[in-house]
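Trainee: Here you go, one structure.
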Amino acid sequence: MGLTIILVIVVFLLKALSKKRLIKLSALYSYEPHRLFLVRKTIAIAFWIALIFLTLIIWGVNLNNIWVYLGGFLSVVAIELFAVWSILSNIISGIFIFIMNPFKIGSKIKLHDPEVQATVVNINLMFTELEDDDRIFNVPNNTFFQKTVKGINAEKTQPN
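The sequence shown lines up with residues 1 to 160 when you count with full-length UniProt numbering.
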């Protein structure tokens, strides 16, 4: 029991230290707040998963069965995602938009076919929210990889 408590304390300390370091790096490299939020959430999930598995190991749980169940579950999820490929396409495109950072919130962009000129309001995994003169609308993220997109007032961004 004592080893489990030590593990929990160590994981929470590492999580807090990584959060502070991430905030410093964010300020140093001028990351946008929504990008910092997503990275922090991903790191937090990774710490929770590590804590669960390490706790199970300390308690002597046989992980072989868990790996079999997890493998079966992930296989079913993969088959379902293949069946709904457009959703998967948008999620992967959202990840690429996050990594490549081709435009930022507040950037004016122009989509061709159909012709749309709008300002980026929000970016998430599935959609990018755009606003033109009279409306706000969501564009599926895979659109940005299938259509020509032109930055109007966008400054050149470097991948971070």
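Using N, Cα and C, we set each Cβ at its ideal position, and we do this for glycine too.
If you draw a straight line from the C-alpha of R21 to the C-alpha of I87, how long is it?
Mentor: Sequence index remark: in the sequence shown, residue 21 carries index 21 (1-based). Sequence index remark: in the sequence shown, residue 87 carries index 87 (1-based). Spanning the two alpha carbons is a distance of roughly 33 Å.
Trainee: Which value, in whole angstroms, describes the spacing of the CA atoms of I57 and F47?
Mentor: Locating residue 57 in the sequence shown gives position 57, counting from the first residue. Locating residue 47 in the sequence shown gives position 47, counting from the first residue. Cα to Cα, the separation comes out at about 15 Å.
Trainee: Mapping the DSSP letters down to three states, classify E129 as helix, strand or coil.
Mentor: Taking the first residue of the sequence shown as 1, we reach residue 129 at position 129. In this structure, E129 counts as strand in the three-state DSSP scheme.
Trainee: Pairing CB atoms from the stretch 101-109 with CB atoms from the stretch 117-131, are three or more of them under 8 Å?
Mentor: The answer is yes - the stretch 117-131 touches the stretch 101-109, with three or more Cβ pairs under 8 Å.
Trainee: How many Å lie between K110 and P33 at the Cα?
Mentor: Looking up residue 110 in the sequence shown gives position 110. Looking up residue 33 in the sequence shown gives position 33. Straight-line Cα distance between these residues: approximately 24 Å.
Trainee: Between the Cα of residue 161 and the Cα atoms of Q117, S89 and I49, which residue gives the shortest distance?
Mentor: No statement about residue 161 is possible, as the shown extent of the chain runs from 1 to 160 and does not include it.
Trainee: Give the straight-line distance between the Cα atoms of K19 and W59, rounded to the nearest whole angstrom.
Mentor: Counting from 1 along the sequence shown, the entry for residue 19 is found at position 19. Counting from 1 along the sequence shown, the entry for residue 59 is found at position 59. If I take the Cα positions, the gap works out to 28 Å.
Trainee: For L130, count neighbouring C-beta atoms within 10 Å of its own C-beta (all shown protein chains included) and say buried if the count is 16 or more, exposed if not.
Mentor: Translated into the one-based positions of the sequence shown, residue 130 becomes position 130. By the neighbour-count rule (16 or more Cβ atoms within 10 Å), L130 is buried.
Trainee: Who are the near neighbours of S93 in its chain, counting only those whose CB is closer than 6 Å to its CB and skipping five residues on each side?
Mentor: For the purposes of this step, residue 93 is taken as residue 93 along the sequence shown, with counting starting at 1. So the list reads N141, N142 and F145, once near-sequence residues are dropped.
Trainee: V11 and L63: beta carbons closer than 8 Å?
Mentor: Walking along the sequence shown from the start, residue 11 turns up at place 11. Walking along the sequence shown from the start, residue 63 turns up at place 63. Result no, Cβ atoms of V11 and L63 do not sit closer than 8 Å.
Trainee: Going by other Cβ atoms of all chains shown within 10 Å of its Cβ, with 16 needed for buried, is G2 buried or exposed?
Mentor: Locating residue 2 in the sequence shown gives position 2, counting from the first residue. Looking at its Cβ environment, which holds fewer than 16 other Cβ atoms inside 10 Å, G2 is exposed.
Trainee: Could you check how far apart the C-beta atoms of F98 and R35 are, in whole angstroms? I think they sit under 8 Å.
Mentor: Numbered from 1 along the sequence shown, position 98 holds the residue referred to as residue 98. Numbered from 1 along the sequence shown, position 35 holds the residue referred to as residue 35. At roughly 7 Å, the Cβ-Cβ gap stays under 8 Å, so F98 and R35 are in contact.
Trainee: Give the list of continuous beta strand (DSSP E) stretches no shorter than 3 residues that lie fully inside the stretch 58-101.
Mentor: For the stretch 58-101, not a single whole beta strand (DSSP E) run of length 3 or above is found.
Trainee: Would you call T128 buried or exposed, if buried means 16 or more other Cβ atoms sit within 10 Å of its Cβ?
Mentor: Here residue 128 is taken as the residue at index 128 of the sequence shown, counted from 1. Buried, by the Cβ-count rule.
Trainee: Can you check which of these residues, V139, F53, M126 and T4, is closest to V116 by C-alpha distance?
Mentor: As a first step, residue 116 must be located in the sequence shown, where it is residue number 116. It is V139.
Trainee: Mapping DSSP to helix, strand and coil, what is G106?
Mentor: Position 106 of the sequence shown, counted from the first residue, corresponds to residue 106. It is coil, neither helix nor strand.
Trainee: Across which residues does DSSP place F137 in a beta bridge pair?
Mentor: Indexing the sequence shown from 1 puts residue 137 at position 137. Paired residue(s): L130.
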